[in-house]
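For the sequence shown, this note's numbering begins at 76 and goes up steadily by one.
Where is the CB? At the ideal position from N, CA and C, for every residue including glycine.
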Amino acid sequence: MNSKRISLIIVFTALTIVLSLSPIKIPAPYAPFLIYQVWEVPIVTVSILFGFSLGLVVALLNMLILLVVYPGVLPTGPIYNLLAVVSMLLGIYLGKNLTNNLTSIKNETISIAISTSLGTILRVAIMTIVNWSLLPYPPPIGFGIPADVVIGLLPVIGFFNATITLYTVPLGAALVKAIKTRVTNI
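See the structure below:
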């Protein structure tokens, strides 16, 4: 791994951790136990700018650091976050590849829309399965929520995951555009 990649990983991981630990947290009005934050934006930015693998490394480091420093309410919470972020990054990756391979689609806005859509679909689908299967377990794996209650919560949690993707991917893409206009050797 070259020094440029190591530097990018360090910078984007540090930014992600600072935003993760930031007091800027907005409880979802429809489910206050779900919290909106912007810590995923740097992960999306590095992934769009430098590739899926770099985004994955930053997401993994974020998870490891949070497991040690501040796991949140559930000790395995950072693992849930990692699964959500990686599923979204996979959708972004597939969207970028799809639009790059289709010669008729060269519009950046359409590319971001497709990436956002695929990121949303994959994140909601994968996290629905994860939440359905793990939330009924007692801590530290889940919250010990009865299975029938989990089934009722899945649409709410799915909506939450969808809305996170709907602002995270466009914000990450906007940062990529801003970076590219200011830094010439990227």
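In the DSSP assignment, find the unbroken beta strand (DSSP E) run with isoleucine 110 in it and report its ends. Translated into the one-based positions of the sequence shown, residue 110 becomes position 35. Annotation: the continuous beta strand (DSSP E) that includes isoleucine 110 extends over 106 to 111.
Tell me the start and end of each unbroken alpha helix (DSSP H) in the stretch 137 to 194 that is at least 4 residues and wholly inside, in chain order. 152 to 176
In the DSSP assignment, what residue or residues form a beta bridge with alanine 103? Residue mapping note: residue 103 aligns to position 28 of the sequence shown, counting from 1. DSSP, once it has assigned bridges, lists Ala106 as partnering alanine 103.
Which residues in the same chain as serine 186 place their Cβ atom closer than 6 Å to its Cβ, once the five residues preceding and following it in sequence are excluded? Here residue 186 refers to the residue found at position 111 of the sequence shown. Around serine 186: Thr174.
Bounding residues of the alpha helix (DSSP H) (the contiguous stretch that carries leucine 246): By 1-based counting over the sequence shown, the position of residue 246 is 171. Its alpha helix (DSSP H) spans residues 222 to 257.
Looking at the unbroken alpha helix (DSSP H) that takes in leucine 90, where does it start and where does it end? Within the sequence shown, the letter at position 15 stands for residue 90. Leucine 90 -> alpha helix (DSSP H) spans 78 to 96.
According to the Cβ coordinates, are leucine 129 and arginine 80 closer than 8 Å? The sequence position of residue 129 within the sequence shown is 54, counting from 1. The sequence position of residue 80 within the sequence shown is 5, counting from 1. Yes, the pair counts as a contact, with Cβ atoms nearer than the cut-off.
Would you kindly work out how many angstroms separate the C-alpha atoms of proline 213 and lysine 252, rounded to a whole number? Taking the sequence shown and counting its residues from 1, one reaches residue 213 at position 138. Taking the sequence shown and counting its residues from 1, one reaches residue 252 at position 177. So the alpha carbons of these two residues sit roughly 44 Å apart.
Leucine 228 classed as buried or exposed, judged by whether at least 16 other C-beta atoms fall within 10 angstroms: Taking the sequence shown and counting its residues from 1, one reaches residue 228 at position 153. With 16 or more Cβ atoms within 10 Å of its Cβ, leucine 228 is classed as buried.
C-alpha distance - lysine 100 paired with glutamine 112, whole-angstrom precision: Within the sequence shown, numbered from 1, the residue matching residue 100 stands at position 25. Within the sequence shown, numbered from 1, the residue matching residue 112 stands at position 37. A direct Cα-to-Cα measurement between lysine 100 and glutamine 112 gives close to 5 Å.
Using a Cβ distance threshold of 8 Å, determine whether the stretch 150 to 160 contacts the stretch 129 to 139, with at least three qualifying pairs required. Touching, yes.
Between isoleucine 216 and arginine 257, what straight-line distance do the alpha-carbon atoms span, to the nearest angstrom? The sequence position of residue 216 within the sequence shown is 141, counting from 1. The sequence position of residue 257 within the sequence shown is 182, counting from 1. Isoleucine 216 and arginine 257: Cα-Cα distance of roughly 44 Å.
Out of curiosity, what's the CA-to-CA distance linking asparagine 77 and alanine 89? Here residue 77 corresponds to residue number 2 of the sequence shown, with the count starting at 1. Here residue 89 corresponds to residue number 14 of the sequence shown, with the count starting at 1. The alpha-carbon atoms of asparagine 77 and alanine 89 are separated by roughly 19 Å.
Glycine 219 classed as buried or exposed, judged by whether at least 16 other C-beta atoms fall within 10 angstroms: If you number the sequence shown from 1, residue 219 lands on position 144. Per the 10 Å Cβ criterion, exposed.
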